[in-house]
């Protein structure tokens, strides 16, 4: 059932040096077409327009999450910790490897517009008729469902869910290191080897030995820096706004019966919400970019212009501001409309925020909690990390963030003389 | 004419830490749609199927070549070397930035099939009606032509050509470091800072101070290792063979009048050789992958199968062999034909080779020489490096390489019992 | 006066890759015997007993501080900022290079016992009859005094003092990076290149452009981590306690007329406070270790034992505790005395603390303020960093630290049965 | 007998990230005074005068060799290779840790003068009355002798000797990486993880899987570069010459009955060849430097001058030349004598050489062969690496090297006018 490969397979990986595969089922999963598709989905969406090195795919991240999980479990096994359920190794590794399988092209932008969730697609790919499902089913009839329930966080043993989904899980540890490596920033580095060595299975969850407290602090600071320096970078946000607007406009046109010069199979079904798993698997970033390239020649100037902006990197500029009150906001919209701009497209307000760490953090995206980080002291006592670490306590709950207003600068500057003075000054024109 | 930006612009780069832009013309060139298109062409083609980190684009490499060139010229200017023609700064930086502008999707595979050359396309993009041309023309009427002639190596001052095209030029120095970084191997690292510090303009060419000899040896060894470990990796070669076969088959079908289920604008014109610059600029790897995805459903099973192989990474396996004689080769082809396999597609022999260093190396690809590396000693005497370095002399002219025979393993194994014994054994079946 | 070397000199440096020397006076200063002596003083005192890699000397750190200062000034000159007094280049570089010249062996431990200050010794070496003084005087008669007053922070132009002494100066930036490199921890890394690029001379001080705020946050976090993970590591503190006790005991014996089996010139004069500059320059860590080696055979068992502890790394163990009240403290001391241990030597309480950042930080050691970090926004407005950065504000003034009680574990365990129960339990015996 | 620690101990190491200790005997050996003494012996002798970062000690190298050996054996055990004698684990780890125990201060220079060998001292420390011996004897009566015979290469199982002494052993792999790290050069880096993974125990020796051939090539090239760039650096050689002359002169004076102003216990016995193990263990680099400092004031001007040269880094300069014939050599010596210089001290010729790789390399220093590197192919066939690798074959036996003549430049320049013209020109005066 849990067959080993006759010879260990190895992937060269810039973050972990090597990724080791010893189980046949893992090897087979990597070779499915659904998993190979992740090579065509970038890990950081449109971030490469800000950090040109960030062209890495979800394929490499998925291998990395698998590798970290494998290392954690190996450590647990090597030390024979009684609180680790040894029989969960295989299912944990599969869940780690496959947790991002349902990501689509530029998911963060698409999901908002089409009200889909990549976790749901992950589960459908695991459970419907796919190569991945076939390999999982060969392990046992309920195996696909077990893997899916770990990813959906409903698995019966929370310790397994913890491994790939908590405030310091294999997923986050890999993406912080990986995104730092590929963007080239040095904010995301922390001492992975030390943290892995100090994790312990303990009464149904994973905790950290207290001697690792400073390493965890360092991890949380890295996380904080990565959010503000990379993930929330205003240029990246601008690219994401353009992307979202492309999809919003195209859907609007489609619904209104507009005849596209160019349309291709899964895109239509994306717009009318009738995507099958098969369609979904054809949706990758190569396709999205190809469609955008074609749409640069659409008759609808709004859509064509947005596509040109994205592909040729002519992004919206932004101004930083205090939270605008209703009156100011309507006067800006009104002004844009009067200038012949489109207030629903040429104007977007953005307020990114993230908590560096929160005791019980209601995870906005998933609507589910991410368990806090718990320390285990020399006397086997547990404590939530912000009880022990002054620096973490002092930043817990701290949220930072400013309002950014995005808009097409050239168009606006062109028309500056027709704008009311207070709005013109707001935009520095 | 040579306008500085009011404020230096900076790109975060994982290889050089930062790329600095001080000239307005460079900034404007980076923002053209033709240059932004390089984000959609991978630097190492299909290598990401072997080294999953190698997903970086020609965009980042082009910035890197620019940055190295900028550093070399800054050093020359800082020391006011009389042999450096100071007026060549701007044209050199433009040529460095734009030297790869004409690369297409998976160029190495496409070029062989369609008999095109990316250098020619680079020149057409520089000289025809493009955004890049417009910016260059604003400098002076003959500026586009000057940039082009540096890239074509016909420029009147060889020292400028040397900068971006010699056996140790900004192009090679960047790609060795960059490809090593993104694949994650540590073969490609050498002491760039030391080499840059020891370069000298000298009587119309660029030479290296003799005290840098060991650093140059190290660079040549890195180069040797990168060729054999990365660029010529048999799995990469297998992917390239599949790619080449896809284009070969599609062209064959097109010429024969086959009705494609899916065809899209520039692809048709690629097949009948009528591409314009506009068409060419639409050809990127997103488009190629989209077309392959669609072709997985073509009626022509050969084409469909090759596309599936590429996208789902079901590559040909290979055996290593001595150079096969004519008799063996025909018996293998005959056997393949008898088994119902296609000898022109299911069988390909490959013999990659590279010289670690050659005194006068006729550069196969370009049919033009790459000048040798010349050392300058304390008494201002010049010497070709292999005269001074025992280790380089001992490997000069050394070429290594073995024949690899690529084939579809599953199909063959399936039919092993019908193969002649000596061929079956050759394939280890 | 400000003579350039005919050819730039270069030192290979693991932290900055290379250190560049262009001025003859710098080159000559490095070659003085007083500066070469810094090779025999470790940068981190006894820390190598905790982190075995930390064997680097003040020599390499001094070169590093010089190099960072050189880079900052080069940037100021390249951009021709009017607020930078260009004539201060040479004196600034000399002060950067020489700022630690007066450090003695294990200074932190020695200074407390002998009430000396390395800054005072630095000034004496600069101003009295030394090779360094001779070279500085050759620049101009008042040059030695100018260099000294920068190091003493009394120089007339605070911007120059700022360079090497503020909350983010060349000194701190080098030691954080260097100590992280040699210990092997990855806490001390931050984006030096970015910070250097965003420093600006502004109205008599050095400020940071606001766009560098996150990089400064990262620097402060690195600093915080280095303090707690490296500089205040309990094992290091234990080594320092042993060192201090060796010097304390030896001085005590010397004052009491004890006849040492082994005594060597500058050590006697150290004890009676009659050190000359010449003597002081002979005091290095080689001498200290040699003396300790000889003292392992002294008749005074307390001194001999402390020396053995230090050289053979048999350090005191420690327990962590709340601040002990007077009653507990005397009962422990009393217990130690009754057990035949020496309460003044076998018992030491330690409470290390550091502020991650403070708005106006009265620098404990020097009794003088270190100026805060000031940001310069796009409208040329200044703001203290904790006004802008939420995370820095939230940790400002935060000080952490616990009491540690150090003691000889073997001796105590041996006598555990004779200890009062509450004290025995306190020590976990 | 082979007791595990209740909890794994960990050392932070810049090269291997962490060094893991699981066995009690290893932990106890590290804590002996003889092993702690290695902290006071630099790994690279006087090299820190050339590369200021090279201040690391044999202590950290010894831990590194232990760690690499531990990793190799773990891999063998994890895969349960039948050709690995599992019972040899403990003795191998001890030999790896202790192999350099007998190194003295600046051993390379001392050994030549006093005709001692650090290997002999290592064995004496293992076998005579020391803390190390006591711990080893506790394992079993013959255990000290077994460890010693591995280090002396006379152990009955060559595979164990291979681990720490062959052309690619744990010793060399650690020192190349470590010396590269601390000097800051990037020549010494190779893919340790890959090599370790591909080592195999095979019929009494350790071989490398053929797929690791390029990684081995890279290792050999690193080795070659490190020899020429670091170990044989002419400035380092100059420091070593000065060191050797100090010891030579002091011995000469001692033998002639000269009354030293300063002499200290083990030094006298070093000169008359009566050192005991106890004396030897007191000989460390702190002591050597202290003695040199005192000797700067000796009446013998030759000795005093050499000590000043070493401590203040006033080294001999050198000229590069072809092998001088007898006539030239005597005329130079004669000229030096006539100028009042001392031909036996002020003139030294040096010809460093190393083979990048040799099939059967008679190891000059030890007078014993280091076994060649053997590859194991997929069909279990063995081949010496130079049979398979073109590049290694082409450099095998290649030896490079030039004659350097070292001399005191200031003295010579001073007297240049009195020198015969051909000699003056030879020295460029």
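Chains as they are written, first to last, in this note's numbering: chain A, 48 to 476; chain B, 48 to 476; chain C, 48 to 476; chain D, 48 to 476.
We put the beta carbon where it would ideally sit given N, CA and C, even for glycine.
All values reported here derive from a predicted model rather than from experimental measurement.
| request: Report the three-state DSSP secondary structure of residue 204 of chain C (helix, strand or coil). | output: coil
| chain D residues whose Cβ lies nearer than 8 Å to that of residue 215 of chain B | Those within 8 Å of residue 215 of chain B in chain D number zero; the least Cβ separation is about 17 Å.
| field | N-terminal and C-terminal residue of the alpha helix (DSSP H) that residue 179 of chain C is part of | value | Start and end: 178 to 186.
| said: On the criterion of 16 or more Cβ atoms from any shown chain inside 10 Å, does residue 296 of chain C qualify as buried, or is it exposed? | reply: buried
| task | Report the partner residues of residue 249 of chain C according to the DSSP bridge assignment. | result | C/252, per the DSSP bridge assignment.
| request: Could you check if residue 139 of chain D is buried or exposed, using at least 16 other CB atoms within 10 Å of its CB as the buried criterion? | output: buried
| said: Using only the alpha-carbon positions, how far apart do residue 427 of chain B and residue 421 of chain B sit? | reply: 12 Å
| Would you report the Cα separation of residue 432 of chain C and residue 242 of chain C, rounded to the nearest angstrom? | 14 Å
| said: Residues in the same chain with beta-carbon distance under 6 Å from residue 156 of chain B, minus the five sequence neighbours each way, listed in chain order, please. | reply: Counting only Cβ-Cβ distances below 6 Å, and skipping sequence neighbours, we find 287, 290 and 291.
| message | Whole angstroms are fine: how far does the CA of residue 362 of chain C sit from the CA of residue 356 of chain C? | response | Rounded to whole angstroms, residue 356 of chain C to residue 362 of chain C spans 6 Å at the Cα level.
| query | With 7 Å set as the bound, which would you pick, yes or no: does the beta-carbon of residue 135 of chain A sit closer than that to a beta-carbon of chain D? | reply | no
| List, in order along the chain, the chain B residues whose C-beta lies closer than 9 Å to that of residue 229 of chain A? | 61, 100, 102, 103 and 229
| said: Which residue marks the beginning of the beta strand (DSSP E) containing residue 64 of chain C, and which one marks its end? | reply: Segment 64 to 70, the beta strand (DSSP E) holding residue 64 of chain C.
| request: Compare the beta carbon distance of residue 217 of chain D and residue 112 of chain D with 7 Å and say whether it is the shorter of the two. | output: yes
| What do you reckon, are the CB atoms on residue 105 of chain C and residue 167 of chain C nearer than 7 Å? | no
| Under the three-state reduction of DSSP, which class applies to residue 98 of chain D: helix, strand or coil? | coil
| task | Would you mind telling me which residues of chain C sit closer than 7 Å to residue 58 of chain D, beta carbon to beta carbon, in chain order? | result | Correct list: 99.
| request: May I ask you to list, following chain order, the residues of the region 326 to 337 of chain C that have a beta carbon less than 9 Å from some beta carbon of chain D? | output: So the list reads 329, 331, 332, 333, 334, 335, 336 and 337, given in the order they occur along the chain.
| query | Around the Cβ of residue 209 of chain B, are there at least 16 other Cβ atoms within 10 angstroms (buried) or fewer (exposed)? | reply | buried
| request: Would you list, in chain order, the members of the region 440 to 468 of chain A that have their beta-carbon closer than 7 Å to a beta-carbon of chain C? | output: 441, 442, 445 and 447
| query | With 7 Å set as the bound, which would you pick, yes or no: does the beta-carbon of residue 80 of chain A sit closer than that to a beta-carbon of chain B? | reply | yes
| message | Tell me which residue opens and which closes the beta strand (DSSP E) that residue 57 of chain C is part of. | response | 51 to 60
| Which of helix, strand or coil DSSP assigns to residue 396 of chain D | strand
| request: Can you tell me which of A/101, A/255, A/91 and A/182 puts its alpha carbon nearest to the alpha carbon of residue 150 of chain A? | output: In this structure, A/91 is the residue among A/101, A/255, A/91 and A/182 with its C-alpha nearest to the C-alpha of residue 150 of chain A.
| Sequence-distant residues of its chain with Cβ nearer than 6 Å to residue 79 of chain A (five each side left out) | The beta carbon of residue 79 of chain A is closer than 6 Å to those of 178 and 179 in its chain, skipping five residues each way along the sequence.
| message | Determine, for residue 285 of chain B, whether the minimum Cβ-Cβ distance to residues of chain A falls below 7 Å. | response | no
| query | Is DSSP giving residue 388 of chain A helix, strand or coil here? | reply | For residue 388 of chain A, the secondary structure class from DSSP, reduced to helix, strand or coil, is coil.
| request: Please compile the residues from chain D whose C-beta is within a distance smaller than 7 Å of the C-beta of residue 65 of chain A. | output: 240
| With 16 other CB atoms within 10 Å as the buried threshold, where does residue 126 of chain C fall? | Classification of residue 126 of chain C: exposed, given that the 10 Å Cβ count is below 16.
| task | Flag residue 408 of chain B as yes if its beta-carbon sits less than 7 Å from any beta-carbon of chain D, otherwise no. | result | Low confidence applies here, because residue 408 of chain B scores a pLDDT of 45, under 50, leaving its location unreliable and the question unanswered by this model.
| message | If we define contact as Cβ-Cβ less than 7 Å, is residue 438 of chain D a contact residue for chain B? | response | yes
| Do we get a CB-CB distance below 7 Å when we pair residue 209 of chain B with the residues of chain D? | no
| field | Run of the alpha helix (DSSP H) containing residue 289 of chain D, from where it starts to where it stops | value | 281 to 302
| said: I want to see whether chain F comes within less than 7 Å of residue 360 of chain A, judged by CB atoms only; does it? | reply: Absence of chain F from the displayed structure is noted, the protein chains being A, B, C and D.
| query | CA-CA distance, residue 211 of chain C and residue 116 of chain C? | reply | 8 Å
| said: What does the alpha-carbon distance come out to for the pair residue 369 of chain B and residue 259 of chain D? | reply: 21 Å
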